[in-house]
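Position 793 of the sequence shown, counted from 1, bears residue number 793 in full-length UniProt numbering, the numbering being contiguous throughout.
Inspection log for the structure reproduced underneath, given as structure tokens.
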Amino acid sequence: EHTYRSLWPSQPPEMHADSGVLKQWSQATLEVKGRIFVEVLFKGTQNTLPLFVIGGQGTSLLGRDWFDAFGISVEGVHRVQFQAMEEILTEYAEVFQDIGVCRMPPISIDIDSTVTPRFFKARPVPFALRPQLNEELDKLVAQGIFEPVRHAKWVTPIVAVAKKDGGLRICGDYRCTVNTAVKPDVYPIPTASELFSKLAGGVVFTKLDLKQAYQQLPLDDEAADLLTINTHRGLFRARRLQFGVSTAVSIFQRFMDTLLADIPGVQPYLDDILISGKTVEEHNARLRAVLKCFAEAGLRLKKEKSIFAANQVEFLGFHVDKGGIKPTCEKVDAIQKAPSPRNKTELRAFLGLLNFYSCFLPNKATVLEPLHRLLDQSVPWRWEAKHEMAYAQAKQLLQTDKVLAHYDEKKPLAVVCDASPYGLGALLFHLERDGQEKPICFASRTMTTTERNYAQIDKEALAVVFAVRKFHQYLAGRHFVIFTDHKPLLGLLHHSKPMPVILSPRMLRWSLIIGAYDYELCYRPGKQMGNADALSRLPLPAPDAVTPPPLEVLLLEMVPDAPMHAEKIASCTLKDPVMSRVLRWVLHGWPAETPDSRFRPFISRCHELSAHKNCVLWGSRVVVPSSARREVLAMLHDAHPGIVHMKGLARSYVWWPGMDGEIEETVKACRTCQMSRHAPTKAKVHPWEWTTKRWSRLHIDFAGPFQGKVFLIVVDAHSKWLEVSLMSSMSSSAVINTLRLLFATHGLPDVIVSDNGTAFTSSEFQEFADRNGIRHVTTAPYHPSSNGQAERMVQTTKEALSRITKGEWQTRLARFLLSQHITPNSSTGKSPAELLMNRRLTTALDRLHPDHGEDMLRKLELNAAKGHGTVREFRSRDLVYMRSYTKDSNKWTPGVITDVTGPLSYRVRTGDGQVHRRHVDQLLDRVTPSWSPSGPEPEGYTVSRPEPSGIERPELQPPAMEMENPGEEIAGAESMRYPVREHHAPKRFSDFVDWGKGV
């Protein structure tokens with residue numbers, strides 16, 4: 001379309017609509033504006049041929065229909081050449097696969113051992129970028145470029161930069177760590193003249209591009225440790241050479257020169273390789289040799305960025321073809337094509353450039369006299385022919401050899417750059433021994449519409465990036481100085497300082513670009529930078545200036561997911577009394593003094609703020625004006641996150657002073673969040689007071705259903721004595737019946753503590769407690785820990801019954817209760833039995849002691865002696881009354897002792913001749929007077945009384961029960977000061993016991 005309008009500025013041929021679809025080789029569809037028909041004359045042949053008009057600007061192409069019309073053949077050589085190239089690329093297809101690893105010896109990096117290793121912590125990563133960053137880390141680990149480690153002395157923070165395809169590139173900020181200690185690796189980077197001298201006579205050219213060039217070279221262990229990076233996922237050791245290391249350029253150039261030294265017509269320049277040939281065959285042979293060399297070395301190429309068998313290529317800023325080498329960027333284009341000044345300000349800037357080099361300009365005053373006269377305040381601005389002539393002559397003076405110097409790799413190199421509101425200017429020069437600055441190249445360009453909206457600090461940084469890119473072939477591999485008149489840049493782009501944690505994405509990207517160079521950034525006042533200032537104020541037009549695609553700017557990636565649209569934020573910013581002034585300061589410079597406390601949060605971050613499309617940014621976060629904050633808060637709280645999560649979400653997208661406090665208020669004021677929030681932090685447990693009285697306060701609760709059964713748990717708060725009863729139901733009556741049995745054994749308690757279960761809160765249970773004088777206390781509803789003693793015993797009971805697997809549940813429960821009763825409690829230090837009964841329960845464990853039997857016998861005898869007055873004894877043939885247990889008989893039946901079977905047992909024969917065994921307690925003395933009213937004694941009644949000493953007592957076995965406190969009873973038996981009544985031994989000591997079987 002551009003060519004169409006330039007060929008026919010007036011009365012163009014009629015354009016006809018066309019519905020055809022045209023596509024590029026990349027399958028991109030072209031915008032067809034229409035079709036015209038033109039008369040074409042070629043070698044005496046005239047034809048009317050069609051032309052398709054395509055939207056935009058670009059190179060015009062002739063179609064095959066035009067070739068056919070004039071008999072032009074495109075057969076033969078091109079097809080053969082294409083086929084041969086395809087065969088070569090197919091043969092070495094492995095070279096174009098995924099990234100490999102070079103098979104050459106690993107690389108070492110020399111550092112100054114006197115420098116202390118530096119360790120930097122990982123920089124925070126916005127939540128929105130973490131998934132992409134994790135994906136890139138996993139990819140680098142899978143490729144063998146990094147490996148996770150636990151420890152390292154040198155640790156470098158990373159910088160994540162957005163790529164054009166939407167992914168992230170992970171780079172180490174080595175300028176603040178390893179670069180401070182790396183020893184210089186002096187290896188000359190070839191100059192343009194040296195490069196092109198090897199390519200003379202070339203007709204066919206191929207340009208190869210290495211894939212992730214530096215990261216294909218392996219490192220030795222020491223170098224790998226030096227390049228360890230720190231991420232949010234920990235430390236990762238670099239196993240390949242990394243971009244950003246100050247010596248990486250020299251290391252890589254030496255490697256490529258050594259690898260391809262034996263192949264003629266091949267010249268590497270870092271990761272670009274140019275191959276030339278005087279014929280197609282020679283070119284193909286050299287290309288095959290290079291690909292073979294790469295295949296053997298394990299290197300990989302990027303096919304989509306390589307150019308094969310072309311008639312011309314661009315290499316290091318030059319056009320290379322069979323005719324020779326032509327610079328694509330003339331050294332003096334910025335001067336020669338500079339537009340005429342439009343006002344006195346631009347003219348004054350141009351004259352400042354001339355004054356900077358006045359010592360090299362003869363007759364300067366004569367030539368510039370008309371221009372100086374125009375600057376007079378009394379003279380109105382009117383640009384005339386005489387001024388244009390003087391302006392042209394002045395530009396010619398700057399292009400003479402007396403001003404321009406030839407590039408010399410041995411002389412110190414420096415760059416000065418500046419930015420005006422609408423243009424960029426840069427100058428490359430040599431620093432002479434006498435202090436003079438001899439310019440080598442001039443460069444300038446007009447800013448795009450987007451760039452003109454940058455903050456001033458971004459414009460100045462853009463000028464630095466523009467300069468190093470423009471003069472790359474001179475600066476790569478060399479140390480040089482960059483002069484700027486913007487002091488804040490020294491804190492952001494300083495060669496030895498780490499990148500700030502919060503930095504705009506574009507500034508982050510630019511910092512990494514210039515970080516690959518060996519530079520020193522210095523400040524020079526604006527009054528001493530008239531040369532660069534003039535270039536920036538008289539920039540060359542740049543209609544095709546490349547604007548970074550949206551995916552390369554993190555803000556534009558994040559805005560679609562942000563709570564508000566960027567246009568509304570910009571509109572509110574311009575209307576906001578605070579943010580509008582902040583935006584103006586960001587774009588045009590900050591005031592020397594703080595006008596108001598409202599601006600202090602912004603001034604403290606002035607070097608970190610930037611502007612984009614009338615939105616103020618802090619790093620990659622949008623600064624929200626006050627009128628839009630309520631809506632932003634509502635959008636952030638749309639899913640009702642908590643305070644912590646809402647802050648984390650907001651910090652990934654937006655910022656304003658006091659944002660954290662407003663987020664807290666928003667969450668606390670949200671009714672939905674308040675009604676569904678978590679319970680407060682549990683208060684410190686307040687223990688029940690320990691009772692000094694046994695069986696005074698009982699804690700009760702249900703356990704179960706457990707294994708199909710429900711148990712009632714009763715715990716004595718004083719002794720921790722546990723009672724577990726099987727319940728047929730969970731009713732109040734069942735609980736009352738169970739408690740009655742326990743109270744029959746242990747007595748009534750003073751207090752019962754329970755939860756709010758129905759069985760415990762019923763009127764029936766309350767009436768039972770009131771009748772027995774028991775105070776019933778219930779815990780807070782739904783707060784079981786208030787009845788912690790019972791709750792804990794419920795858990796203990798369930799665990800015990802689960803662990804004890806032998807026997808029926810009754811047996812398991814009995815074993816558990818016995819164990820609980822005899823085990824000392826951790827809080828009381830004594831067993832529940834000792835505290836409740838004031839004695840130890842005898843168990844099978846007591847029988848393990850060898851003195852257990854003798855102790856029991858001694859205690860039994862002492863207790864028997866204490867508990868009985870006179871022990872009655874009978875002899876054989878004594879007359880007695882025997883207790884009768886048969887029905888229809890008297891309670892006492894007369895009889896006679898026939899045998900003594902034990903110390904307290906006898907055999908008695910009654911009148912019917914039967915012999916009975918009786919205890920002494922079942923016998924009474926029978927006294928027969930000398931006269932008998934009933935007549936003589938029955939026959940067979942013969943009395944025989946052997947001496948008591950003749951009684952043979954069987955040996956006593958130790959009883960199964962251990963008597964408690966025998967010492968106290970002995971002490972009490974030693975003396976009695978007062979008369980006491982006669983004590984009889986309890987019947988349990990007189991029962992007949994089969995000692996062989998035990999209890």
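Even for Gly, the Cβ is constructed at its ideal location relative to N, Cα and C.
To which residues of the same chain is residue i closer than 8 Å at the C-beta, ignoring the five residues directly before and after it?
i	result
Ser884	Asn890, Lys891, Trp892, Thr893
residue 1000	The requested residue 1000 is not part of the displayed model; the chain covers only 1 to 999.
Val735	Ile700, Leu712, Met727, Ala759, Phe760, Phe765
Please work out which residues of its chain come closer than 7 Å, Cβ to Cβ, to residue i, disregarding the five sequence neighbours upstream and downstream, and give them in chain order.
i	result
Val77	Residue confidence is low: Val77 scores 42 on pLDDT, short of 50, so the model does not pin down where it sits. No coordinate-derived value is stated.
Met793	Ile713, Val715, Leu722
Val724	Phe711, Ile713, Thr797, Leu813, Leu817
Lys830	Pro824
Gly704	Val710, Phe711
Lys344	Leu375, Trp381
Thr3	Ser60
Pro412	His430, Leu431
Going by other Cβ atoms of all chains shown within 10 Å of its Cβ, with 16 needed for buried, is residue i buried or exposed?
i	result
Thr231	buried
Arg239	buried
Ser732	buried
Asp561	Interpretation of Asp561 is limited by its pLDDT of 42, a score under 50 that renders its predicted location unreliable; no figure is taken from the coordinates.
Phe236	buried
Ser276	buried
Ser975	Only weak support exists for where Ser975 lies, its pLDDT of 39 falling under 50; the coordinates are left without a value.
His718	buried
Glu91	exposed
Arg445	buried
Lys470	buried
Pro936	Only weak support exists for where Pro936 lies, its pLDDT of 48 falling under 50; the value from the coordinates is given anyway. Exposed, because fewer than 16 other Cβ atoms sit within 10 Å of the Cβ of Pro936.
Write down the C-beta distance between residue i and residue j rounded to the nearest angstrom, noting that I regard them as a contact closer than 8 Å.
i	j	result
Ile440	Thr247	Going by Cβ atoms, the distance from Ile440 to Thr247 rounds to 25 Å, so no, they are not a contact pair.
Asp755	Thr778	7 Å
Leu137	Arg233	6 Å
Phe119	Cys176	Rounded, the Cβ-Cβ distance is 11 Å, inconsistent with contact.
Ala833	Leu841	5 Å
Leu133	Ala160	6 Å
Once the 5 residues before and after residue i are set aside, which same chain residues still bring their CB inside 6 Å of it?
i	result
Pro641	none
Ile307	Lys207, Val313
Asn772	Leu748
Phe37	Thr48, Pro50
Val578	Arg598
Ser729	none
Pro117	Lys153, Trp154
Leu7	none
Pro601	Pro657
Pro126	Ser652
Just to confirm the assignment, what range does the alpha helix (DSSP H) spanning residue i have?
i	result
Met507	505 to 515
Ala310	No alpha helix (DSSP H) contains Ala310, which is instead part of the beta strand (DSSP E) from 307 to 310.
Tyr4	2 to 7
His472	472 to 475
Met659	659 to 669
Pro832	832 to 837
Glu567	566 to 575
Glu520	Careful: Glu520 lies outside any alpha helix (DSSP H), inside the beta strand (DSSP E) at 518 to 523.
Hey, could you find the ends of the beta strand (DSSP E) residue i is sitting in?
i	result
Ile482	479 to 484
Asp750	Unbroken run through Asp750: none, as it is neither H nor E.
Ile440	437 to 446
Between residue i and the ligand NAP, is the CB less than 8 Å from at least one heavy atom?
i	result
Tyr174	The model depicted lacks the ligand NAP and carries no ligand whatsoever.
- Item | Segment contact flag, the region 284 to 297 with the region 137 to 155, C-beta cutoff 8 Å, min 3 pairs | no
- Message: Within 8 Å, do at least three Cβ pairs link the region 172 to 187 to the region 264 to 283?
- Response: no
- Message: Whether or not the region 151 to 163 and the region 200 to 219 are in contact is what I'm after, with contact meaning three or more pairs of Cβ atoms, one per stretch, closer than 8 Å; do they touch?
- Response: no
- Item | Given 8 Å, three or more beta-carbon pairs between the region 376 to 395 and the region 452 to 460 | no
- Decide yes or no for the touch test of the region 633 to 651 against the region 570 to 590: beta carbon pairs closer than 8 Å, at least 3 of them. no
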